[in-house]
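To keep things clear, I will list the structure first and then write my remarks on it.
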Amino acid sequence: MPEQEKKISIAASFGLLSAAIIWGFAFVIVKSSLDVIPPVYMLAFRFTIASAGLALIFHKKFRALNKKLWEHGAILGLFLFLSYLFQTIGCQYTTAGKNAFLTTIYVVLVPFLHWIFNKKKPDRYCVIAAFMSVAGIGLLSLQGDLTMNIGDVLTLICGFGYAIHIVFIDRYTEMEDPVLLTVLQLGFAAVFSWILAPILDGSFPAGALRPDMIAGMLYLGLLSTMVAFLLQNVGQKYTKPSTAALLLSMESVFGIIFSMIFLGEELTLKMAAGCILIFTAVIMAETKLEFFKRKKTVGGNEYV
1 MPEQEKKISI AASFGLLSAA IIWGFAFVIV KSSLDVIPPV YMLAFRFTIA SAGLALIFHK
61 KFRALNKKLW EHGAILGLFL FLSYLFQTIG CQYTTAGKNA FLTTIYVVLV PFLHWIFNKK
121 KPDRYCVIAA FMSVAGIGLL SLQGDLTMNI GDVLTLICGF GYAIHIVFID RYTEMEDPVL
181 LTVLQLGFAA VFSWILAPIL DGSFPAGALR PDMIAGMLYL GLLSTMVAFL LQNVGQKYTK
241 PSTAALLLSM ESVFGIIFSM IFLGEELTLK MAAGCILIFT AVIMAETKLE FFKRKKTVGG
301 NEYV
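Each residue of the sequence shown is one higher than the one before, starting from 1 at the first, in UniProt numbering.
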């Protein structure tokens, strides 16, 4: 690999890891803000800030907008809004660390949804990862009476919603501009949030105007949604899919680390075992364990 390409690859990998760190800390922000700002209003602030920021950056692309883009942006925005809604409400009733890990279940679900919607059968790694993730969820979430709390259930529904969202993104970006779709879906998610916030959360939360809450919402909107999205999209262009998946899945690890540091959350041995199983399942589903496959060089060509 030429020196310049190597430097770009390293920079891209650092960008992807930065996105994972930003997302990991976002779980702490959400958990610590929910006592002041109700979940739907929080989403309204988050999506409004992110969509406005991206619209300012990419406003010249708006000339390419058409009816199909608006329709698909609305559909993606609905899936995105519902997924974040379940995740944010779920964070009220479970720990931020568990919320982070259970959310990543979408990585394991995506291949199976592709099978349903696009007739693409998942490979053996995805099947094994699915069983591992179910076992991990049990260790992480099941209580002594073999029940799960409502926060864990809502977070799992969120993971399912993210998986559907990703499948439809794959379908729509084959024919349309991904940047415009992103701006539109964030904008529609903001609209859905503002419509439902007064119905589900009541009157506007006055506490949202506190300096610490404003800082938190700016973090969620600008860093966790807008900047992290840009880091992900640019980073994935210059790294292998397996490397990108591994770096981005570190979100769940950083989520639980930051939760222990800043929120004082505890991690039992059983929960740790569940986290390890889920994290391993995510890596297996995305990388197919390619880094364990030894390569041979024959006649200048590489073979596994």
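Glycine included, each C-beta is placed from N, C-alpha and C at the ideal position.
- With fewer than 16 other CB atoms across the displayed protein chains lying within 10 angstroms of its CB, M175 is exposed.
- With 16 or more other CB atoms across the displayed protein chains lying within 10 angstroms of its CB, I137 is buried.
- Looking from the CA of I21, the closest CA among C158, I164, S252 and L277 belongs to S252.
- Here S203 is exposed. Its C-beta has fewer than 16 other C-beta atoms within 10 Å.
- Per DSSP, the unbroken alpha helix (DSSP H) holding T287 starts and ends at L269 to T287.
- Using a Cβ distance threshold of 8 Å, P39 and Q4 do not count as a contacting pair.
- Exclusion of the five residues before and after A228 leaves A19, I22 and W23 as the residues of its chain whose Cβ lies within less than 7 Å of its Cβ.
- Collapsing the DSSP output to three states places D35 in coil.
- For G274, same chain residues with a beta-carbon under 6 Å away, outside a window of 5 residues either side, are G136, L139 and L140 in chain order.
- The Cβ atoms of T88 and D152 do not sit closer than 8 Å to each other.
- Of all C-beta pairs linking the stretch 183-197 to the stretch 68-82, three or more are shorter than 8 Å, placing the two stretches in contact.
- Of the other Cβ atoms in all chains shown, 16 or more fall within 10 Å of the Cβ of N99; this residue is therefore buried.
- Shortest Cα-Cα distance from F79 to any of I164, Q236 and T268 involves I164.
- T182 sits in a helix when the DSSP states are folded into three classes.
- Distance from F279 to V28 at the Cβ level is roughly 19 Å; contact not present, criterion being Cβ atoms closer than 8 Å.
- Residue nearest to N118 within the set S13, R171 and G53 is R171 (criterion: CA-CA distance).
- In terms of Cα proximity to L222, the closest of A11, L54 and S32 is L54.
- Of the candidates F62, Y125, L263 and S9, Y125 places its Cα closest to the Cα of V107.
- Spatial neighbours of C158 in its own chain (CB-CB distance under 7 Å, excluding positions within 5 residues in sequence) are listed in chain order as S83, F86, Q87, G90 and T103.
- Taking C-beta separations shorter than 7 Å and ignoring five residues to either side along the sequence, the partners of A285 in its chain run V107, V108, P111, Y125, C126 and A129, following chain order.
- Taking the Cβ atoms as the reference, K31 lies roughly 30 Å from L181, outside the contact range of under 8 Å.
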